[in-house]
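First comes the structure, then the notes that go with it.
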Amino acid sequence: MLDEVPDCETLWMLATGTAIGPYLSILQLGKDLERFKNLVLVHAARMPPT
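The opening position of the sequence shown corresponds to residue -12 in my numbering, with each subsequent residue numbered one higher.
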């Protein structure tokens, strides 16, 4: 999957809600991650009102 990502210094992964799952799988496998100097995972989710 990462073979389609162009070469860059920082890999940004943006996820909302449960869509973080694919990114966690990529990170867990660790395949081809060494070509990036920085990995940034941003996860945003709503919280129920208090």
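A virtual CB, placed ideally from N, CA and C, is assigned to each residue, including glycine.
Check	Outcome
From H30, D19 and T37, residue whose alpha carbon lies closest to that of E(-9)	D19
Beta-carbon gap between L(-2) and L26 smaller than 8 Å	yes
For A6, three-class secondary structure by DSSP	helix
Euclidean distance between Cα positions of L11 and M(-12)	13 Å
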